[in-house]
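The structure appears below as structure tokens.
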Amino acid sequence: MASIVNQKTSSLASILEQHGEEIRSEWMREMSVSTRRSDLIKDSEVQAQCSRFIQLLTQAVSVAGVNFQSGAYDAMRDMLNDISRSRAVQGFSPKETATFVFSMKRPFFTAIREELSKDAAAMAQELWNATELLDSLGLYTIDAYLKSREEVIRRQQEEMLELSTPVVKLWDGILALPLIGTLDSARTQVVMESLLESIVQTNSRVAIIDITGVPTVDTVVAQHLLKTVTAARLMGADCIISGVRPQIAQTIVHLGINLLDVTTKATMSDAFGLALQKSGYTFIRRQSNKSNKGTMTGDEE
Amino acid sequence: MEKIPILRMGEFLLVTIQVDMHDRLALALQDDLTSRISETGARGVLIDISSLDIVDSFIGRMLGNIAAMSRVLDAETVVVGMRPAVAITLVELGMSLPGVRTALNVDAGMELLRASVNGNKETLYGSRFD
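Put into structure tokens, the structure is as follows:
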């Protein structure tokens with residue numbers, strides 16, 4: 009009986025070794041029926057991945073049997089990680105990615121059946137082992153796929169955070185901060201810091217926070233805005249909030265948010281006018297008889 | 138014991154805080170400043186905190202107190218040069234220092250003080266001639 013037990017651990021490996029080529033071609037056919045996406049990935053690439061997969065699997069099974077947690081499967085895991093990552097980038101769905109592994113079941117099982125057709129008990133045992141192994145490989149693939157997706161999402165969030173906080177100098181001593189997108193605590197922190205730093209650097213007395221691009225204003229967003237305004241005031245700069253849309257004005261009043269201490273304007277241009285006035289500038293339109301073209305001239309008081 | 142110097146500039150008092158503020162020092166400053174205001178009859182106080190990079194709620198409250206006390210003694214207080222980190226800290230501590238006037242730098246602060254003192258004089262004269 010001892011020889012049978014030894015046989016058990018190594019028979020999967022020997023089956024893989026003997027029937028490797030056969031399994032691979034069957035596997036390719038299987039995939040072409042179920043989920044081949046020739047629009048996303050080249051045939052030759054899939055073929056190479058299949059060969060490598062079978063090769064690594066054979067090595068791992070001959071060393072560690074079907075114990076997927078073992079260190080012998082490290083190379084296998086690395087390969088599955090790579091495949092998942094590239095598939096996620098290429099635009100495969102998680103199902104299609106996992107099917108890459110699961111579609112190997114049928115050819116693999118066929119090979120096992122052929123090899124062990126005489127010993128029913130051994131065949132059942134090996135089939136069970138193979139199922140378990142391929143299931144854990146497939147699930148690992150899905151795991152890796154999701155992880156790489158999450159990575160993409162996180163990177164995009166970070167990029168958005170960097171993109172969305174430009175501080176613009178409108179005039180000597182007047183800054184504008186056009187906010188776009190939803191404000192959460194993390195973003196407010198970044199926005200607040202970059203605004204305050206710019207106030208110090210440019211020696212600006214007035215800052216305009218434009219919320220035209222902020223889709224909704226709830227109590228949390230309002231609180232963040234108030235914090236920014238208060239911090240700027242502590243440093244000695246005045247803040248004007250502009251771009252308050254009619255719906256947002258209604259929401260603010262319905263929610264009972266107190267914006268009485270803050271200067272608010274409907275549009276950026278109104279706010280800019282007020283800022284110029286506060287800084288002591290007046291603008292006059294030059295009267296000209298020869299042409300009706302109006303030009304702007306700045307005049308400091 | 139170290140002391141924070143209080144300089145007199147015309148009708149204003151100038152305080153520049155250049156060391157880390159600890160609580161005893163803050164209380165001493167409060168004492169000194171109020172007595173100097175009443176001695177000199179100053180119309181305005183300018184506190185420069187541009188080299189202060191750590192604040193706590195006590196220092197925040199002290200700034201508010203000094204402003205309130207000066208107002209009782211008929212002097213305007215302007216706090217100038219607060220750093221961004223300090224401003225954020227105070228806001229997060231929930232201290233918006235409502236009674237304190239602020240300016241970006243000493244220059245702007247002096248301008249603000251002069252304007253407010255002149256404004257007061259004008260209203261004073263205005264009410265007299267009415």
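In order, the protein sequences belong to chains A and B.
Just so you know, we're using my numbering here: the first sequence kicks off at 9 and counts up by one.
Just so you know, we're using my numbering here: the second sequence kicks off at 138 and counts up by one.
Note that CB positions come from ideal geometry on N, CA and C, so glycine has one too.
Consult DSSP for residue 189 (chain B) and reduce its assignment to one of helix, strand or coil.
coil
Once you ignore the five residues that flank residue 212 (chain A) on each side, which residues in its own chain have a CB closer than 8 Å to its CB?
177, 181, 182, 183, 206, 245
Please say whether residue 237 (chain B) and residue 204 (chain B) have beta carbons closer to each other than 7 Å?
yes
Sorted by chain position, which residues of the same chain lie with C-beta nearer than 6 Å to residue 226 (chain B)'s C-beta, five sequence neighbours on each side aside?
192
Using 7 Å as the limit for Cβ to Cβ distance, is residue 235 (chain A) near chain C?
Here the protein chains are A and B, and chain C is not one of them.
Is residue 213 (chain B) buried or exposed, if buried means 16 or more other CB atoms sit within 10 Å of its CB?
buried
Distance between residue 216 (chain B) and residue 169 (chain A) (C-alpha atoms, nearest Å)
33 Å
CB contact flag (residue 218 (chain A), residue 186 (chain A), <7 Å)
yes
Any C-beta of chain A under 7 Å from that of residue 230 (chain B)
no
Using a C-beta cutoff of 7 Å, does residue 174 (chain B) count as contacting chain A?
no
Roughly how many angstroms lie between the CA atoms of residue 206 (chain B) and residue 283 (chain A), to the nearest whole one?
32 Å
In terms of alpha-carbon separation, which member of B:200, B:178, B:247 lies closest to residue 160 (chain B)?
B:200
Report the three-state DSSP secondary structure of residue 135 (chain A) (helix, strand or coil).
helix
Tell me the DSSP secondary structure of residue 149 (chain B) in three-state form.
strand
Compare the C-beta of residue 206 (chain B) with all C-beta atoms of chain A and state if any pair is closer than 7 Å.
no
The alpha helix (DSSP H) spanning residue 208 (chain A) covers which residue range?
193-210
Quick test of your reading: residue 208 (chain A) and residue 221 (chain B), contact by CB under 8 Å. State the CB separation rounded to the nearest angstrom.
6 Å
For my contact list, residue 181 (chain B) and residue 148 (chain B) are in at a C-beta cut-off of 8 Å; report their separation, rounded to the angstrom.
7 Å
For residue 19 (chain A), which of helix, strand or coil comes out of DSSP?
helix
DSSP three-state call for residue 116 (chain A): helix, strand or coil?
helix
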